Amino acid sequence: PRSNRKPTPLLPTTNVVNITANMSRFSDNWLLDKVMFDYVQGGSCACCGFPHLFAPGGLEGLINAMSDLETDSKTREINAAKQSPWPEDMRDQIWGDRLLLRYKMKKEMKDYRAFLEEVVKDDNASQNNNDEPSTEDIQDAIPILHQFCTTQLSPYELRDIFQLQRSGLTEILKSKYNITSAYAIVFCAVVEQLSNFQHTGYGVDAPPLDNSDEELFETVLDYDSRIQGFHLNVAENIIIEDSEEEWKVDEKILGIFLKRMISLAGPTLLARAAIVTDDDDKNSDDDGAEKDDGKSSDSASNKPSFRSDRRVARLMIARYWAGRLIEKYRSMQGQGVDD
Numbered sequence: 499p500r501s502n503r504k505p506t507p508l509l510p511t512t513n514v515v516n517i518t519a520n521m522s523r524f525s526d527n528w529l530l531d532k533v534m535f536d537y538v539q540g541g542s543c544a545c546c547g548f549p550h551l552f553a554p555g556g557l558e559g560l561i562n563a564m565s566d567l568e569t570d571s572k573t574r575e576i577n578a579a580k581q582s583p584w585p586e587d588m589r590d591q592i593w594g595d596r597l598l599l600r601y602k603m604k605k606e607m608k609d610y611r612a613f614l615e616e617v618v619k620d621d622n623a624s625q626n627n628n629d630e631p632s633t634e635d636i637q638d639a640i641p642i643l644h645q646f647c648t649t650q651l652s653p654y655e656l657r658d659i660f661q662l663q664r665s666g667l668t669e670i671l672k673s674k675y676n677i678t679s680a681y682a683i684v685f686c687a688v689v690e691q692l693s694n695f696q697h698t699g700y701g702v703d704a705p706p707l708d709n710s711d712e713e714l715f716e717t718v719l720d721y722d723s724r725i726q727g728f729h730l731n732v733a734e735n736i737i738i739e740d741s742e743e744e745w746k747v748d749e750k751i752l753g754i755f756l757k758r759m760i761s762l763a764g765p766t767l768l769a770r771a772a773i774v775t776d777d778d779d780k781n782s783d784d785d786g787a788e789k790d791d792g793k794s795s796d797s798a799s800n801k802p803s804f805r806s807d808r809r810v811a812r813l814m815i816a817r818y819w820a821g822r823l824i825e826k827y828r829s830m831q832g833q834g835v836d837d
């Protein structure tokens, strides 16, 4: 039984049993210690295996290869990793699979672009306009998909699309991306943190950009542990009576998701913060340094931040819902669905 198992002597176990002592529950400090505790126990989320990934350039090479991390964030993560209580092999596995997951997800961006171009092309064909869509034309898919969602789907059907149980995220990581290493333990803890994000006191994880699709999506993403799990309140029952229901689409939230769906096609997997120039920030010591608003986590601390992992988890949620919408669109258009 697990209660009789002794931790591996080579792993540091100090301060990992009481993972909530002297820290805010669901904070990054809580997550750091929870991962260490679960790792020592053999992976309480049942995502074990821990294959090793060869990492040219070592830990610093892995962190520097993360294109969505700002320069200052990379420096902080390198310094924090050197002081981390995690064993080196565990730490390297985590960073290796962080990079591997992004690599696999980047390869899928072309599929979203192909679908959006397909939507625009079909609409052009229906209007006797056979021009091939350019890269800018995928924006035209927003009103087309909006019309599809509001005219060919009932509000209740639409509401059903935008739901995902917490366990579904970890299953996607394991089954779709085949990641079952120490990073799977991190991801399980990140998903738990994400479902309790309102308790962390952190601000928005998305970088400070004008009209950020990612930030807007983050602010409307909700979680309900009882029924829906992660969800968007894209439709609601506007009649509050025992025997009647009348569902209405929230077109603002639907529009936010459709804009986020466009961004799934690239050009980047996750946006980076804007570059600060001398004109923008006379007090900046570094020319071309990225803005870091410091709203999420303790950016100045020597502890690892899980901000980028939360961003990836939200991206995975958006992709899952986009996939469900694509499946529904193609099935109703009589095109079939790819396996």
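Note that this note's numbering has the sequence shown beginning at 499, numbered continuously upward.
Idealized CB from N, CA, C, for every residue including glycine.
This structure is a prediction, so every number in the text was calculated from the model and none was measured.
Is it right to say residue i is buried, meaning 16 or more other beta carbons lie within 10 angstroms of its own, or is it exposed?
{"i": "Lys-602", "result": "exposed"}
{"i": "Ala-733", "result": "buried"}
{"i": "Asp-703", "result": "buried"}
{"i": "His-729", "result": "buried"}
{"i": "Lys-750", "result": "exposed"}
{"i": "Ser-624", "result": "exposed"}
{"i": "Thr-668", "result": "buried"}
{"i": "Asp-807", "result": "buried"}
{"i": "Glu-716", "result": "buried"}
{"i": "Met-830", "result": "exposed"}
{"i": "Glu-586", "result": "exposed"}
Cβ-heavy atom distance between residue i and the ligand MN below 7 angstroms?
{"i": "Gly-753", "result": "With respect to the ligand MN, the structure shown offers nothing to examine, as it has no ligands at all."}
Residue range of the beta strand (DSSP E) that residue i falls in?
{"i": "Asn-735", "result": "733 to 735"}
{"i": "Gly-832", "result": "Gly-832 -> no beta strand (DSSP E), and no H or E assigned at all."}
{"i": "Phe-728", "result": "727 to 729"}
Grab the span of the alpha helix (DSSP H) containing residue i for me, first residue to last.
{"i": "His-697", "result": "His-697 -> no alpha helix (DSSP H), and no H or E assigned at all."}
{"i": "Tyr-601", "result": "586 to 605"}
{"i": "Asp-658", "result": "653 to 659"}
{"i": "Lys-746", "result": "Element bounds for Lys-746: not the alpha helix (DSSP H) but the beta strand (DSSP E), 745 to 747."}
{"i": "Asp-638", "result": "Counting along the chain, Asp-638 falls outside any alpha helix (DSSP H), and DSSP gives it neither H nor E."}
{"i": "Asp-711", "result": "711 to 718"}
{"i": "Ser-801", "result": "The residue asked about is misnamed: residue 801 is Lys in this sequence, not Ser. Unbroken run through Lys-801: none, as it is neither H nor E."}
{"i": "Leu-671", "result": "664 to 673"}
By Cβ distance, which residues of its chain are closer than 7 angstroms to residue i, with the 5 residues on each side in sequence left out?
{"i": "Gln-726", "result": "Gln-661"}
{"i": "Ile-824", "result": "Phe-613"}
{"i": "Ile-636", "result": "Arg-611, Leu-614, Glu-615, Val-618, Ile-760, Ala-763"}
{"i": "Asn-562", "result": "Lys-572"}
{"i": "Pro-839", "result": "A question about residue 839 goes unanswered here, because the residues of the chain that appear run from 499 up to 837."}
{"i": "Tyr-675", "result": "Leu-599, Lys-602"}
{"i": "Ala-820", "result": "Tyr-610, Met-759, Leu-762"}
{"i": "Leu-756", "result": "Ile-640, Leu-643, His-644"}
{"i": "Lys-604", "result": "Leu-767"}
{"i": "Asp-621", "result": "Ile-642"}
{"i": "Tyr-721", "result": "Ser-693, Gly-727, Phe-728"}
{"i": "Tyr-654", "result": "Ala-733, Trp-745"}
{"i": "Val-718", "result": "Leu-730, Ile-751, Ile-754"}
For residue i, which residues in the same chain have their Cβ closer than 6 angstroms to its Cβ, ignoring the five residues on either side in sequence?
{"i": "Val-617", "result": "Ala-639, Ile-642"}
{"i": "Ser-525", "result": "Thr-698"}
{"i": "Glu-713", "result": "Val-702, Ala-704"}
{"i": "Leu-529", "result": "Ala-687, Gln-691, Phe-804"}
{"i": "Tyr-818", "result": "Leu-662"}
{"i": "Arg-843", "result": "The chain is shown from 499 up to 837; residue 843 falls before or after that span and cannot be answered."}
{"i": "Phe-695", "result": "none"}
{"i": "Glu-558", "result": "Ile-576"}
Residue i and residue j: beta carbons closer than 8 angstroms?
{"i": "Ile-677", "j": "Leu-767", "result": "no"}
{"i": "Ala-816", "j": "Arg-758", "result": "yes"}
{"i": "Leu-651", "j": "Lys-826", "result": "yes"}
{"i": "Asn-735", "j": "Asp-748", "result": "no"}
{"i": "Met-564", "j": "Arg-523", "result": "no"}
{"i": "Ser-693", "j": "Arg-657", "result": "no"}
{"i": "Cys-647", "j": "Leu-752", "result": "yes"}
{"i": "Arg-822", "j": "Ile-670", "result": "no"}
Could you pull out every residue in the same chain whose Cβ sits closer than 8 angstroms to the Cβ of residue i, ignoring the five residues on either side in sequence?
{"i": "Leu-707", "result": "Glu-713, Ala-769, Ala-771, Ala-772"}
{"i": "Pro-802", "result": "Asp-526, Leu-530, Glu-575, Ala-578, Ala-579, Ser-582"}
Taking only beta-carbon positions, decide if residue i is within less than 8 angstroms of chain D.
{"i": "Asp-807", "result": "No chain D is present in this structure, which holds just one protein chain."}
Report yes or no: do three or more beta-carbon pairs, one from the region 754 to 766 and one from the region 606 to 614, lie closer than 8 angstroms?
-> Contact holds: three or more Cβ-Cβ distances are below 8 angstroms.
Stretch pair the region 679 to 693 + the region 743 to 752: three plus CB contacts closer than 8 angstroms | The answer is no - the region 743 to 752 does not touch the region 679 to 693, with fewer than three Cβ pairs under 8 angstroms.
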